[in-house]
Amino acid sequence: MVRPREFDRDEALDRAMRVFWSRGYSATSTEDLLAAMEIGRQSLYNAFGDKRKLYLEALDRYQQHSISGHIERLTRGASALAGIKALLLGTIADNAGDRENGCMGVNSVGEFGATDAEVNAIRAAGAKRLKQPLLARIHEAQRNGEIDPQMNAEDVALFIGSTMQSIQLGARGGMTPTALRRMAKFAVERLTVRS
Numbered sequence: 009m010v011r012p013r014e015f016d017r018d019e020a021l022d023r024a025m026r027v028f029w030s031r032g033y034s035a036t037s038t039e040d041l042l043a044a045m046e047i048g049r050q051s052l053y054n055a056f057g058d059k060r061k062l063y064l065e066a067l068d069r070y071q072q073h074s075i076s077g078h079i080e081r082l083t084r085g086a087s088a089l090a091g092i093k094a095l096l097l098g099t100i101a102d103n104a105g106d107r108e109n110g111c112m113g114v115n116s117v118g119e120f121g122a123t124d125a126e127v128n129a130i131r132a133a134g135a136k137r138l139k140q141p142l143l144a145r146i147h148e149a150q151r152n153g154e155i156d157p158q159m160n161a162e163d164v165a166l167f168i169g170s171t172m173q174s175i176q177l178g179a180r181g182g183m184t185p186t187a188l189r190r191m192a193k194f195a196v197e198r199l200t201v202r203s
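If you're matching positions, the sequence shown starts at 9 in the working numbering and goes up one per residue.
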């Protein structure tokens, strides 16, 4: 009896995630995944189930990593507004390949819309995880006089989230890093209290 090849599950999942992130769910074949993950078909099924289950796990992994990075940038800023600016600028990947891939979560909206409950649940969990730290920074910026306290914090959070998505779509569409940074800076300027 031939023993199945052993492999690092986390590494294989990361490789699958990169393929789905670049190509999307529908355009990725099982053969694409097997080649990228460097595993056999039976190993894929044994470790991950089927292509759909693998996609959902990869999307969740991407979201977990992405949201952790967003929260880290948001909370490390010297001021609340600096944290918000870092959050927006941080959506612009330094690596050209990653930048051109955009955001796997945003890409999933383009591919699935709101029709897939499991994909929606993964995206919603990520948004929920980011919302409280973002609202906390917005409230801090309002208390410190950086953002107008008359603005509705929930609306500001929606604006910031929409700006993040716009930057990520722009990146996937080929906008230059300079243009993407201009978008981020323009958004922050719109929030800043004018004296």
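Glycine included, every Cβ here is placed at the ideal spot set by N, Cα and C. Every value quoted in this text rests on a predicted model; they were computed, and no experiment measured them.
When you compare each of the options to residue i by their alpha carbons, which one comes out closest?
| i | options | result |
| --- | --- | --- |
| alanine 94 | Val201, Met172, Leu177 | Met172 |
| valine 201 | Lys136, Ala165, Gln158 | Gln158 |
| serine 74 | Leu41, Val164, Asp106, Ala88 | Asp106 |
| alanine 66 | Phe167, Leu97, Met112 | Met112 |
| valine 127 | Ala20, Glu39, Leu62 | Leu62 |
| aspartate 16 | Leu52, Ser30, Ser37 | Leu52 |
| glutamate 108 | Leu138, Gly182, Val196 | Gly182 |
| glutamine 72 | Ala192, Lys136, Ser174 | Lys136 |
| glycine 134 | Ile79, Leu188, Leu42 | Ile79 |
| glutamate 19 | Glu39, Val114, Leu142, Glu46 | Glu46 |
| proline 141 | Met191, Ala88, Thr36, Met25 | Ala88 |
Evaluate residue i with the Cβ neighbour count: other Cβ atoms within 10 Å of its Cβ, from every protein chain shown; 16 or more gives buried, anything less gives exposed.
| i | result |
| --- | --- |
| asparagine 160 | exposed |
| serine 170 | exposed |
| glycine 91 | buried |
| phenylalanine 28 | buried |
| glutamine 50 | exposed |
| serine 116 | buried |
| asparagine 64 | This sequence places leucine at residue 64; asparagine is not what is there. That one is buried. |
| aspartate 68 | buried |
| phenylalanine 56 | buried |
| serine 131 | The residue you asked about is not serine; residue 131 is arginine in the sequence shown. That one is buried. |
Which residues does DSSP list as the beta-bridge partners of residue i?
| i | result |
| --- | --- |
| isoleucine 155 | Thr200 |
In three-state terms, what does DSSP make of residue i?
| i | result |
| --- | --- |
| serine 87 | coil |
| threonine 184 | coil |
| asparagine 103 | coil |
| threonine 36 | coil |
| valine 15 | Here the sequence assigns phenylalanine to residue 15, which means valine is not the residue at that position. The answer is coil: DSSP assigns phenylalanine 15 none of H, G, I, E or B. |
| asparagine 160 | coil |
| glutamate 134 | Here residue 134 is glycine; the residue named in the question, glutamate, does not match the sequence. Note: glycine 134 maps to helix in three-state DSSP. |
| methionine 9 | No answer about methionine 9 holds up, because its pLDDT of 46 lies below 50 and its placement is not dependable. |
| threonine 171 | helix |
| isoleucine 146 | helix |
| isoleucine 47 | coil |
| alanine 195 | helix |
| aspartate 58 | coil |
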